[in-house]
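Visitor: Mind having a look at this structure? Questions to follow.
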Amino acid sequence: MKLKSIVSVMACSMLFAGSVFAADEGTGTVKFEGSIIDAPCSISASTQNQIIPMGAISNKSIFSKDGKLKSNFTIKLEDCTNATKKNVTITFSGPANDGLLALEGGTSGAGIQIDDSYGVPMVLGTASAQTLLLPGENYLKFNAYLKPTTAAVSAEDIKPGNFTATATFALNYP
């Protein structure tokens, strides 16, 4: 009887031992990031941090007033309640070159101009005109395009190369 019990325990142990030595079938990590803000609207997670493709643009076309290849982008505000604050302004900031958002990388002679949805150029570090907030969702729409610096216009030269540029934005509810 004692032998039968020992054999039973050993058999059960062998059955369950396989799960202890099973191969790793995949693991991972889920990290949640965000912030709680004191504002009448939430910024949609899908538009809070964006990468805007600018394309491969001819250095000659940057000089053309009609050749502006615009890249549109939107900042979506959600769950807006305009009980006390009915307007929003936005300020774009970042490294500047001749009043334009500076390019980083192997190119020179141009920068990025951001315009509001009406085509009014945004000035880095300066708040936009006020936009009326509607209850619910609001969309702040912008256009970005390459523009030559004053020096590049004088020299009629923009050095080709890859670039990136980073702007941050801040909302204010006056």
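Residue numbers -22 to -1, 1 to 152, in mature numbering (1 follows the signal peptide of the UniProt record, and there is no 0), belong to the letters of the sequence shown in order. Yeah, the Cβ is synthetic: ideal placement off N, Cα and C, and Gly gets one too.
Taking only runs of the alpha helix (DSSP H) that begin and end inside the region 2 to 87, which ones reach a length of at least 4 residues, in chain order?
Guide: For the region 2 to 87, whole alpha helix (DSSP H) runs of length 4 or above, ordered along the chain, are 23 to 26.
Visitor: Got a sec, what are the start and stop residues for the alpha helix (DSSP H) Ala145 sits in?
Guide: As a working mapping, residue 145 is identified with position 167 in the sequence shown. No alpha helix (DSSP H) contains Ala145, which DSSP labels as neither H nor E.
Visitor: Considering only the beta carbon of each residue, do Ala122 and Ile53 sit closer than 8 angstroms?
Guide: Mapped onto the sequence shown, residue 122 falls at position 144. Mapped onto the sequence shown, residue 53 falls at position 75. In this structure, Ile53 does not lie closer than 8 angstroms to Ala122 by Cβ.
Visitor: Where DSSP assigns a beta bridge to Asn116, which residues make up the other side?
Guide: As a first step, residue 116 must be located in the sequence shown, where it is residue number 138. Beta-bridge pairing links Asn116 to Leu55.
Visitor: Could you tell me whether the region 50 to 70 touches the region 127 to 141, using the rule of 3 or more Cβ pairs below 8 angstroms?
Guide: Result no; under three Cβ-Cβ pairs closer than 8 angstroms.
Visitor: List the endpoints of the continuous alpha helix (DSSP H) containing Ser132.
Guide: If you number the sequence shown from 1, residue 132 lands on position 154. Unbroken alpha helix (DSSP H) run through Ser132: 128 to 133.
Visitor: Is it buried or exposed for Thr127, if we count other Cβ within 10 angstroms and need 16 for buried?
Guide: Numbered from its first residue, the sequence shown carries residue 127 at position 149. So Thr127 ends up on the buried side.
Visitor: Measure the CB-CB distance between residue 158 and Pro138 and report whether it falls below 8 angstroms.
Guide: Outside the displayed range of the chain (-22 to 152) lies residue 158, so it cannot be described from this structure.
Visitor: Just grab the DSSP bridge partners of Ile92 for me.
Guide: Within the sequence shown, numbered from 1, the residue matching residue 92 stands at position 114. Answer is Ala122, bridged to Ile92.
Visitor: Closest by CA to Gly89, which one among Asn140, Gly4, Phe51?
Guide: The sequence position of residue 89 within the sequence shown is 111, counting from 1. Of Asn140, Gly4, Phe51, the residue nearest in Cα terms is Asn140.
Visitor: Determine which residues share a DSSP beta bridge with Leu110 and list them.
Guide: Within the sequence shown, numbered from 1, the residue matching residue 110 stands at position 132. Its beta-bridge partners are Asn65.
Visitor: Does the beta-carbon of Leu118 have 16 or more other beta-carbons within 10 angstroms, so that it is buried, or is it exposed?
Guide: Sequence index remark: in the sequence shown, residue 118 carries index 140 (1-based). So Leu118 counts as buried.
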